[in-house]
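Colleague: Pasting in a structure now, in structure tokens, and then I'll have a few things to ask.
In our numbering, the protein residues as written are 3 to 181.
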């Protein structure tokens, strides 16, 4: 980062950090906040916390943070969430990507369990995508009396009540109908 941008970055970071320190859900509705915290909890280092196995399972499988272990995971997750959102805000305020990496495509590459690499294109791709239909399954949904097609991760849509799965001749999901 250029020296002349450091102060602007720090000021923006602290502006958001102070707001989020009072309320980490600032700017999010309750469901969004809960989803973020639940997702981030799995990324928090916990190997230094001694806890019975059943508390660990209860925390991560059931998103139940009521145990001593769960409360510590939640505390760490909230701190990480505040740092993450503050960092993203500060980068956004200074147009980080456009300024330092003009005309570039943001992407991450990550190794899968199999011998392949996954590629994620940003900012368009974040779990669902209009540009990358192979990152999900088609979902037909009625909006204003017309059907539109959305692309969503199958794991998300398959668990929703009121969605009907259609299977093709190869026994794979062809699409879902959101009733």
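No residue lacks a Cβ here, since even glycine has one placed at the ideal position from N, Cα and C. All figures in this text were calculated on a predicted structure; none of them were measured in a lab.
#1: Nearest CA to the CA of residue 38: which residue from 17, 157, 82?
#2: In this structure, how does DSSP classify residue 153 when only helix, strand and coil are distinguished?
#3: Check whether the stretch 19–38 touches the stretch 82–92, counting contact only when three or more Cβ pairs, one atom from each stretch, lie closer than 8 Å.
#4: Assign residue 33 to buried or exposed, taking buried as 16 or more other Cβ atoms, counted over all protein chains shown, within 10 Å of its Cβ.
#5: Ignoring anything shorter than 4 residues or poking outside the stretch 15–93, list the alpha helix (DSSP H) runs there in chain order.
#6: For residue 101, which residues from the same chain have a beta carbon less than 6 Å from its beta carbon, with the 5 sequence-adjacent residues on both sides left out?
#7: Looking at the unbroken alpha helix (DSSP H) that takes in residue 102, where does it start and where does it end?
#8: What are the residues that DSSP puts in a beta bridge with residue 140?
#9: Taking buried to mean at least 16 other C-beta atoms within 10 Å of its own C-beta, is residue 45 buried or exposed?
#10: Rounded to a whole number of angstroms, what is the C-alpha to C-alpha distance between residue 99 and residue 152?
#11: Any beta carbon of chain D sitting closer than 8 Å to that of residue 56?
#12: Is the beta carbon of residue 14 closer than 8 Å to that of residue 90?
#13: State yes or no: is the C-beta of residue 149 within less than 8 Å of the C-beta of residue 165?
#14: Thinking C-alpha only, which one of 92, 169, 157, 77 is nearest residue 42?
#15: Kindly list the residues whose CB is nearer than 8 Å to the CB of residue 181, restricted to its own chain and excluding five residues on each side of it in sequence; keep chain order.
#16: Identify every residue that forms a DSSP beta bridge with residue 148.
Modeller: Reading it off the structure:
#1: On the chain shown, position 36 is the one that residue 38 refers to. Considering only alpha carbons, the answer is 82.
#2: As a position in the chain shown, residue 153 is number 151, starting the count at 1. Of the three classes helix, strand and coil, the one that applies to residue 153 here is strand, per DSSP.
#3: Yes: the two stretches touch, three or more of their Cβ pairs being nearer than 8 Å.
#4: Taking the chain shown and counting its residues from 1, the one referred to as residue 33 is at position 31. With fewer than 16 other Cβ atoms within 10 Å, it is exposed.
#5: The qualifying runs are 32–43, 55–64.
#6: Residue numbering aside, residue 101 sits at position 99 when the chain shown is read from its first letter. There are no such residues.
#7: Here residue 102 corresponds to residue number 100 of the chain shown, with the count starting at 1. It spans 98–102 - the alpha helix (DSSP H) in which residue 102 sits, taken as one unbroken run.
#8: Position 138 of the chain shown, counted from the first residue, corresponds to residue 140. Beta-bridge partners of residue 140 (DSSP): 153.
#9: As a first step, residue 45 is located in the chain shown; it is residue number 43 there, counting from the start. Under the 10 Å beta carbon count, residue 45 is surrounded by fewer than 16 other beta carbons and is classified as exposed.
#10: Residue mapping note: residue 99 aligns to position 97 of the chain shown, counting from 1. Residue mapping note: residue 152 aligns to position 150 of the chain shown, counting from 1. Between the alpha carbons of residue 99 and residue 152 lies a gap of roughly 28 Å.
#11: Among the chains in the structure shown there is no chain D, since it carries only a single protein chain.
#12: Locating residue 90 in the chain shown gives position 88, counting from the first residue. Locating residue 14 in the chain shown gives position 12, counting from the first residue. Contact: no.
#13: Taking the chain shown and counting its residues from 1, the one referred to as residue 149 is at position 147. Taking the chain shown and counting its residues from 1, the one referred to as residue 165 is at position 163. Residue 165 is positioned such that its CB atom lies no closer than 8 Å to that of residue 149.
#14: What you label residue 42 is simply residue 40 of the chain shown in a count that begins at 1. The residue with the shortest Cα to Cα distance from residue 42 is 77.
#15: Numbered from 1 along the chain shown, position 179 holds the residue referred to as residue 181. Take residue 181, set aside five residues on each side of it, and the residues of its chain with a beta-carbon closer than 8 Å to its own are 164, 165, 166, in chain order.
#16: Start at 1 with the first residue of the chain shown, and residue 148 comes out as number 146. Note: residue 148 is bridge-paired with 145 in the DSSP secondary-structure output.
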